[in-house]
Structure formats: C-alpha cells, structure tokens
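Under full-length UniProt numbering, the first residue of the sequence shown is numbered 1, with each subsequent residue one higher.
Here's the structure we're looking at; comments come further down.
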Amino acid sequence: MATDNSAAPPLFSIRWIASAGPLTKLGLWAAGVAAVAAVIQLAATLAGVEFWVLDKSAGAGVLIVVGLSLLLGMLAIESRPMAEYGLVVERDWLRHVGRGVALGLGAYAAFIFWAWLAGTAHYTAVPLTPTRIGKTLLAALSAGPIAATQQIIFAGYLVSILRERHSRAVAVVVPALLFAAVAAAGKLGTPLAAPSFVGMFLLATLLGLWRLRTGTIAFSTGVLTGCIIARKLLSKTEQLWLAPDSEHAWWFCPYRDPRLGVGMWSLLGIGIVWAAYDLARHGERRAQPDAAADAAFKRVLPFSNLLSFTPLDRWAALLWQARFRVGLKYTPRLAVTLIASALNTLISLPERLLCPLLLRRDPPDPVFIVGMPRSGTTHLHNLLALDPQFRSPRNYEVFNPHGFLTGWSTTACLAPVLSWRRPMDSMQMTVMSAQEEEFALAAMGSPSPYWGFEFPREIARHDAYWQPEGFAAAEERRWARHYKLFLRKITCFRRRTPLLKNPANTGRVAMLRRHFPRAKFIHIVRHPHDVYRSNQRLASHGLVVFQLQDPHPADNYATRCLENYRALMDSYYNATDDLPSGGAVDVRYEDVVQDPLRAIRAAYSALGMEVTPEFERRLQAYVESVSGYRKNRFANLDADERAEVDGAMAPYLQQWGYDQPRRAAA
1 MATDNSAAPP
11 LFSIRWIASA
21 GPLTKLGLWA
31 AGVAAVAAVI
41 QLAATLAGVE
51 FWVLDKSAGA
61 GVLIVVGLSL
71 LLGMLAIESR
81 PMAEYGLVVE
91 RDWLRHVGRG
101 VALGLGAYAA
111 FIFWAWLAGT
121 AHYTAVPLTP
131 TRIGKTLLAA
141 LSAGPIAATQ
151 QIIFAGYLVS
161 ILRERHSRAV
171 AVVVPALLFA
181 AVAAAGKLGT
191 PLAAPSFVGM
201 FLLATLLGLW
211 RLRTGTIAFS
221 TGVLTGCIIA
231 RKLLSKTEQL
241 WLAPDSEHAW
251 WFCPYRDPRL
261 GVGMWSLLGI
271 GIVWAAYDLA
281 RHGERRAQPD
291 AAADAAFKRV
301 LPFSNLLSFT
311 PLDRWAALLW
321 QARFRVGLKY
331 TPRLAVTLIA
341 SALNTLISLP
351 ERLLCPLLLR
361 RDPPDPVFIV
371 GMPRSGTTHL
381 HNLLALDPQF
391 RSPRNYEVFN
401 PHGFLTGWST
411 TACLAPVLSW
421 RRPMDSMQMT
431 VMSAQEEEFA
441 LAAMGSPSPY
451 WGFEFPREIA
461 RHDAYWQPEG
471 FAAAEERRWA
481 RHYKLFLRKI
491 TCFRRRTPLL
501 KNPANTGRVA
511 MLRRHFPRAK
521 FIHIVRHPHD
531 VYRSNQRLAS
541 HGLVVFQLQD
551 PHPADNYATR
561 CLENYRALMD
571 SYYNATDDLP
581 SGGAVDVRYE
591 DVVQDPLRAI
601 RAAYSALGME
611 VTPEFERRLQ
621 AYVESVSGYR
631 KNRFANLDAD
641 ERAEVDGAMA
651 PYLQQWGYDQ
661 PRRAAA
C-alpha cells in the first residue's frame, strides 16, 4: 500500500490494476492462471502424483477453480457493481435460465434425433443399472455449476471488461478464442484438437452474443447447462451408439462427439447469425437487479454455506437435534454441505487430533471488539487489524478451524466462495480478510447462536447462547477449550495479541473475563435506528445463504432483533461496570466513519495503548483504498418502527448521544 497519499501508486498496486485497460486485465488474469497451474503441475510431478493440469476431468476442474478464484479477486479490486458484468439476479432469472436449459437440451436432442434418422446413431439396449443411473444423475447435476462457472469467467467478466473500450466483435470473439483454447488444450497433438477448438469457439461466440443481448449470464448459462446435460445423458447412459465409421459421421459425430461435426458447427453458425442480427437490431441490454429475486436466489444457492467444513460428526449431531427437518428446496445445499464436510473431516483429522496435544502455549489475552450485529464491528475490525501488534483470524482459518494449518486444498476450495461481497452490506471478502471467530467456535463443536442461522426453526434453542446463562457448566468448559485452542493455532507461528471481533461476545463478557482476565474490550455503538434496519436486511438477504429450514414467520431473527439488542446491551454494561480504567471503551460508529484516526486514537488512549507510526501509515492507506465503498441504502423506518426502537433502546439512545431528533440515515 502507498505510504503517502500524494505519491504515485506503485506499479502493481490495487489502484493500478483497477484502472488498467481491458486487454491488460485479460493478460494479467491469463498469466495468473497459467502461473498457478504451472506451480500445481510442478508440485504434482515432484510428489509423484499422476496428474496432468490439461486433462479434461481433474485438470479442467483445477483450472476452473483457479480461474474463478483469480477472477473474483480482480472483481474485488475493481469494486464495481456486479450488474456491469452481467452477474446479477433479475426478477425473471429462473424463467430465463429455464428457457436456456430447454433450448440447449432441446437443440442437442434434436440434433441427435436427426443423426438417428440419418443412420449415424443406433439404440444399444444397454441395461440401465442403478449404478449407471446414479452416475448419470450426478453428472447431470454437475452441469449447472460447471456452466455457471464458465459463463461467469468468459461471458460475464471477460466480455464485460473488453466491451468497455472495444467493439462488440472484439468483446465476444476474444473470450470465445480463449474459451476454445482452454477446451482444446488437453487434446493438443491429437486429431481432435482442431475440430474441438472450432466447435467450442462457435459455442462461446453464440453465448457471448446472448450475454450482451440479455444483459445477464442467466440465459447463456441455461443454454450451456442444457447442452452439458444432454451430452452427459448421452455418454453416461450409453443408450445410443454414435457410429464414427458411418456414411454421415463427418457431419454428425466424428470421433463419436457431436461437437466436432460440421452439422453442429452449421447449427451454431445459424444461431450466431441470428443472435448477431437480433443484437444489432435491439442493442445491448443493461441488467436491472431485483432485491426480492436476489434474496430468493440466495435462499436456494447450494454453494453458499460457509459452515460446510464443520466436521461430519458435528453436522450429524445438529441434524439429529433438529430431527432432520430440512426443507425440500434446501436439500441441494445440505448435500453439498455434507459432501464438503465428509471430505474435510478426513483431510483435517490428523490436525484435529494432534494440535490439542502439540500446541500448549497460550497467546496474550485478546482485545475483543464487541457490539450488536450490524453496528460497525466489521469496519472497526478491518481498521484495527492493520495494527502490527495484533493477529486477527482470517476467513480461511475461521471457516476451516480444524484444518487450516495443513489443509491447503480446502483453503483453495473456499477461495471462490469468499472472494465475493457480503450479501447484507456489499463489503468485499477474500480468503485473507479478517473474520469473526464465532464461526470457528461453532464449527469446532461449541454451542453458538450462529447455528440458529442454519436451523432457524431451532432458534429458541440456539439463541440462548448469546448470554452466559445459556451455557451449562460443561458447555462453558468446552467453549473455553475450543477458544484457547483456536487462538493457539492462529498465533503458533508468531505470538501476537489476538484481535477478535465477535458480536456474539457482546453479552458474554462475564464469561470472557473468567477465562481471559487481562482482556480489553472495545464496544462499538451505532444509532439504533440504523442497527435495526440493517439487521432486518441481514435477516432477509444475509442469513438466507445459511439456512436449511424456512424461519417461523412469528419467531425468527428479525422478530427477536430488538429483544436481543436490549438484552445484549444490558448484559455488556453489567459485566463491564466493575472493570478498572483501561479495560473497556465505547466507540461510536459515526465517529469512526467521519474521522477514523481520531476515533482510534481516542479509543487507544482510553485503553492505555499507543497508535504507532506504522499503524497510522497502514490506516491512512486502507482508508484511501476503501474510499469508493458505497453503503447499501435501505428504506427509512416508519413511525411505528421508530417508536418501537426508541421504546426498547431509550436508555441507550441518551447514553450514546442519539437522543436528538434526526433524519434516518441511508
């Protein structure tokens, strides 16, 4: 980061990459993918593992993960609305995807039927065994994620950045060439390379044109999904034999692959001409995000569960506790979660067993950042985490607490999920972002109110753990054991003071003081009107990415918000009332936003801490880097809501200086 606001940015600073030209960005992305792939290939070769990064199965999967991770990192750098890349959920997104799937599946099936009429395809009568059916269904289910990933990269990001400064032809053709090159790379040196390149280029060109015409990747993703499903059904069931030596094989299926035939190329060519004409006639469309559709999409997204790496035994216990009541629409999310959990349970088992035996030295007692959820704890955490004296948990550590020291493969799997924006406030996340350790404690087996996000019908059971009184003696001992083990792990290579941000700790200060007697507490407060509005947004747009059940309409996170808010504040002030000077301090969010350095200096002074020159330099650079961040704007509270909040929080409105009439903040 730059040390001087007036200085020119270094060559490879974030600002330089964000302002670079589209071809430069494309080159950086491609070079990054190639470099990471080369390192992976070298590591596999040195380890004696039989792996080829250009292989169409395992290698292709690795390239997709690497490419998507780097792309999401570049999206994070640019900090632009996702609608500009076509990565947005509109009101009719499901209908567009469905139409695309129907078109892709129908066109592919019609082409195969044509081949059958021409005598190139023959029915085989191969028995459909349960194993064969299972493999076919699994392959078909994978079509959507594969298609979406490819379209995010090629039709979403690459088409969009090239369209900024270049013609439609360049914006579509260049990503299509890259897509075709990647698809054909594993066939180099074989007769399949050239026809594979041609077929994939034509397909990617058609999808790119549709992306510009529709404004999103929904329709193009559906088309590609339908094509993949049809191809998987054909290859896995083996019900049809495509004869490569038949009279018309060159047209329908050379090398038994319809994508390599002149007939499929002709069909794609006709589609390209039609799509280009339609685009020229009607022009490009800009997508319009829809909040309700976005929330509905997040509710069923199967890859969004950040607690997926929780050990399988913990998941089994929680499902048993919930009596396996999982909503039907959440079964894909549960399936993905349990698969990820099972794999990570095996991978992380040695670390899970050995670390409690090997790591025995505790770090200094932490500095805890507490506050009601949506009070600004994350912003303050990001600022204070720049202080070199502190060590904050990172995303990859928090979401894989049992395996982050040795499980680099699972960390790579987290990258595409975490290189994104938080659904409730659009704040950027990466695998290295500072994160609250409550997720780690929950994953390690401690009681946590955050499990109520997964099982909202069990919220009464899990909400008890916002307060010390909710913990039985054995549960508190387990919680403290897990807490100290996690802190030993994140500080095992360098012993620094942990800086921990955790809203769930706001009501548990009495417990924290029993186990960390020299800890310090920074409590951030925000106008209760804004906190209430933001928590309602969290309930509708944030927690839906976790849940495996629909919340009860009358008893859920949103309806409990004010009750929990008041209880947390009462508990916090009761627990800190007898702390000596320098043990705790209140910070107002509005002061931190207006003048971060001044607010932090005041907080440090109250705690007997010093703002070092290095911390100040980092702080100024960070504040400059996020200067373009735009907070979400929500509807103002109505009169009844304001009265309800004011009644519940009356003592604290006055204590925090919010008792004057105000215009509702954005």
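In this text, a Cβ means the ideal position worked out from N, Cα and C, and glycines have one as well.
- Of the residues Ala603, Gly582 and Val544, the one whose Cα lies closest to the Cα of Asp294 is Val544.
- The beta carbon of Arg391 lies closer than 8 Å to those of Pro363, Ile490, Thr491, Arg494, Arg496, Thr497, Pro498 and Leu499 in the same chain, with the five residues before and after it left out.
- Contact between the region 522 to 536 and the region 329 to 339 is absent, with fewer than three C-beta pairs closer than 8 Å.
- Looking only at Ala442, Trp29, Glu641 and Ala38, the smallest Cα-Cα distance to Thr559 is reached by Glu641.
- The beta carbons of Arg457 and Asp550 sit closer together than 9 Å.
- Between the region 110 to 122 and the region 242 to 255, the count of C-beta pairs closer than 8 Å reaches three or more; the two stretches touch.
- For Arg165, DSSP records no beta bridge to any residue.
- For Pro498, the uninterrupted beta strand (DSSP E) run begins and ends at Thr497 to Lys501, by DSSP.
- For Ala599, the three-state secondary structure derived from DSSP is helix.
- For a cut-off of 8 Å, the C-beta gap from Ser571 to Gly507 is around 4 Å, short enough to register as a contact.
- By the Cβ neighbour-count rule, Ala110 is exposed, with fewer than 16 other Cβ atoms within 10 Å of its own.
- In chain order, Phe197, Met200, Phe201 and Ala204 place their CB closer than 7 Å to the CB of Ala180, counting only its own chain and leaving out the 5 sequence neighbours on each side.
- Beta-bridge pairing by DSSP links Trp241 to His122.
- In the three-state reduction of the DSSP assignment, Lys187 falls in the coil class.
- Taken through DSSP and simplified to helix, strand or coil, Ala558 comes out as coil.
- In the displayed model, His527 falls within coil according to three-state DSSP, outside both helix and strand.
- Arg211: member of the alpha helix (DSSP H) spanning Ala193 to Thr214, first to last residue.
- In the DSSP assignment, Val585 forms a beta bridge with Ile522.
- Shown here, Ala434 sits in a strand according to DSSP, grouped into three states.
- Taking the Cβ atoms as the reference, Leu212 lies roughly 17 Å from Leu103, outside the contact range of under 8 Å.
- For Phe368, the enclosing beta strand (DSSP E) starts and ends at Val367 to Val370.
- Here Tyr277 is exposed: its Cβ has fewer than 16 other Cβ atoms, across all protein chains shown, within 10 Å.
- Per DSSP, reduced to three states, the secondary structure at Arg285 is coil, with no helix or strand assignment.
- For Arg394, the beta-bridge partners assigned by DSSP are Ala434.
- Straight through space, the alpha carbons of Arg588 and Leu619 are spaced by roughly 18 Å.
- With respect to the C-alpha of Gly106, the residue from Tyr557, Val223 and Gly445 having the closest C-alpha is Val223.
- Cα atoms of Pro393 and Val36: separation of roughly 25 Å, rounded to the nearest angstrom.
- A distance below 8 Å between beta-carbons, with the five flanking residues on each side excluded, links His381 to the following residues of its chain, in chain order: Ile369, Ser392, Ala434, Glu436, Leu499 and Lys501.
- Rounded to the nearest whole angstrom, the C-alpha separation of Ala34 and Leu568 is 50 Å.
- Exclusion of the five residues before and after His515 leaves Ala480 as the residues of its chain whose Cβ lies within less than 6 Å of its Cβ.
- Residue burial is scored here from C-beta neighbours: Arg323 has fewer than 16 other C-beta atoms within 10 angstroms and is therefore classed as exposed.
- Per DSSP, the unbroken alpha helix (DSSP H) holding Leu138 starts and ends at Pro130 to Leu141.
- Here His515 carries a helix assignment [DSSP, helix/strand/coil].
- Beta-bridge annotation (DSSP): His552 is paired with Asp555.
- Excluding residues up to 5 positions away in sequence, Val33, Val36 and Ala37 lie with their Cβ nearer than 7 Å to the Cβ of Val66 in the same chain.
- Under the 8 Å Cβ criterion, the region 139 to 158 counts as touching the region 229 to 237, having at least three qualifying pairs.
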